[in-house]
Amino acid sequence: MSFDALSLVSRATDPTGPASLRNRSVQLPFFADISRRFNTDVAAGKNLDPVLAALRKLREGIVSAGIMDDFAVRVYEFSVSVCLRAQNYPELLKSLTYLVGVLYPAFQRDTGSDEKLADVRVKGQHAKMTGLLMLYLTCYLPMSAKNSTIRSSKVVSESKEVLKLYKSAPISVQTSNSVIRAMDIHRAILRDVDFVHFKKLWNQLDPDEQIIVKQIIPHVRERTLDILTKSYFTLPFSFISKYTIFSEDVQVLEDIFKQKFSTEFNLRVVDGTVHLRLTKRK
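Residue numbering for the sequence shown follows the numbering used here, beginning at 291 and increasing consecutively.
Printed below as a string of structure tokens:
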């Protein structure tokens, strides 16, 4: 079978035929082929868009078939991993939403005694994926959020969704480290950016969580600099970089200051000290 010839179920000429992605006999080898292509493409440094397109087909076939089992869960968990690697946030949201909102509750409700081991694995992943979805709702900023006012408004508007998701989760998920970290990040952002707490939390995040949280770092950095500028005339460059540099190089902060201070850069940054405000001459 040529997997490249498979079409989306919604566009297939025979969506219920033997070669349809609604059939588990097609889904299983297709998923194996996607996994193989993913490993090959990552090793070769290739663009992951073709893998994401194939996963989209497979996910649609699974949803269309209406089967919510361990295989469906594994496909969606794998989709989350690929989306994170490719930093494809629209597809990431689709995968996380269906996984957390539909698959996990259905699978854990219907799991029988013969699937206890799978159930244990899923429970652990349920907490991780719920935390990732909460971080997405808190930290992902669309390109339309170009200024701090719009960004702050977005964070506040998503707060209800984050709390709703948290309250709907089982107690075991609510008390998991993944969800606790996500709630702490949410509170740090919501409190007009508690940059000290935010930096402490950043250092505790795992790599997947950092991929999502870094989306809000420009907003955190801008707000942090605003707060420091209103509070201090001068600060050591090392102090400012401690709370505004995350996974990037310190050069990023220097470039920001050059843009912020323009022609005054040489007056503002002297011998490791940043003059956030210049005293007015009488």
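Each residue gets a CB set at the ideal place from its N, CA and C atoms; glycine is no exception.
When we look at the beta-carbon of residue i and count the other beta-carbons within 10 Å, is it buried (16 or more) or exposed?
{"i": "S434", "result": "The pLDDT assigned to S434 is 49, lower than 50, so where the model puts this residue is not dependable, and the model offers no usable value."}
{"i": "E367", "result": "buried"}
{"i": "K347", "result": "buried"}
{"i": "F573", "result": "The structure shown has nothing for residue 573, since the chain only spans 291 to 572."}
{"i": "D539", "result": "exposed"}
{"i": "F523", "result": "exposed"}
{"i": "I461", "result": "exposed"}
{"i": "L568", "result": "exposed"}
{"i": "G335", "result": "exposed"}
{"i": "S315", "result": "exposed"}
{"i": "Q415", "result": "buried"}
{"i": "V363", "result": "buried"}
{"i": "V560", "result": "exposed"}
{"i": "S403", "result": "Legend: pLDDT at S403 = 37, less than 50; position of this residue unreliable, value from coordinates given subsequently. Exposed, by the Cβ-count rule."}
{"i": "R399", "result": "exposed"}
Leaving aside the five residues before and after residue i along the sequence, list all residues of the same chain whose C-beta is less than 6 Å from its C-beta, in chain order.
{"i": "R558", "result": "F551 and H565"}
{"i": "T514", "result": "F485, Y533 and T534"}
{"i": "H487", "result": "A478"}
{"i": "A472", "result": "G421, M424 and L425"}
{"i": "Y394", "result": "H416"}
Nearest CA to the CA of residue i: which residue from the options?
{"i": "N467", "options": "V540, R399 and M419", "result": "M419"}
{"i": "V370", "options": "Y426, T330, S528 and F320", "result": "Y426"}
{"i": "V365", "options": "Q377, Y379 and K384", "result": "K384"}
{"i": "Q505", "options": "L525, V486, I479 and L342", "result": "I479"}
{"i": "T330", "options": "V372, D359 and I357", "result": "V372"}
{"i": "L431", "options": "V463, I507, G351 and V341", "result": "I507"}
{"i": "F320", "options": "L345, Y379 and P380", "result": "L345"}
{"i": "L455", "options": "R349, L382, E350 and V392", "result": "V392"}
{"i": "I324", "options": "S310, A333 and V341", "result": "V341"}
{"i": "D339", "options": "I352, V469, S458 and L382", "result": "L382"}
{"i": "H476", "options": "A459, V452 and Q494", "result": "V452"}
{"i": "C429", "options": "V483, T553 and A343", "result": "V483"}
{"i": "A417", "options": "S449, S458, Q464 and K450", "result": "Q464"}
{"i": "A459", "options": "K413, Q494, P526 and S449", "result": "K413"}
{"i": "E375", "options": "F527, V332, A396 and E448", "result": "Inspection of the sequence shows that residue 375 is occupied by Arg rather than by Glu. Residue V332 is the option with its Cα nearest to R375."}
{"i": "M358", "options": "K457, S310, G562 and A396", "result": "A396"}
Within a Cβ cutoff of 8 Å, which residues of the same chain sit near residue i, ignoring the five residues on either side of it in sequence?
{"i": "A322", "result": "none"}
{"i": "L318", "result": "F361"}
{"i": "K532", "result": "K489"}
Identify, in the order they occur along the chain, each residue of the same chain with its Cβ nearer than 7 Å to the Cβ of residue i, setting aside the five sequence neighbours on each side.
{"i": "L386", "result": "V370, M419, L422, L423 and Y426"}
{"i": "F536", "result": "W492, K504 and I507"}
{"i": "F555", "result": "F547 and K548"}
{"i": "R326", "result": "none"}
Determine contact between the segment 517-532 and the segment 494-508, defined as no fewer than three beta-carbon pairs at a distance below 8 Å.
-> no
Secondary structure, beta strand (DSSP E): runs of 3+ residues fully inside the segment 300-376 | none
In chain order, which continuous runs of the beta strand (DSSP E) of length 3 or greater are located wholly inside the segment 515-557?
-> 524-526
Give, in chain order, every unbroken run of the alpha helix (DSSP H) that is at least 4 residues long and sits entirely within the segment 469-501.
-> 485-492
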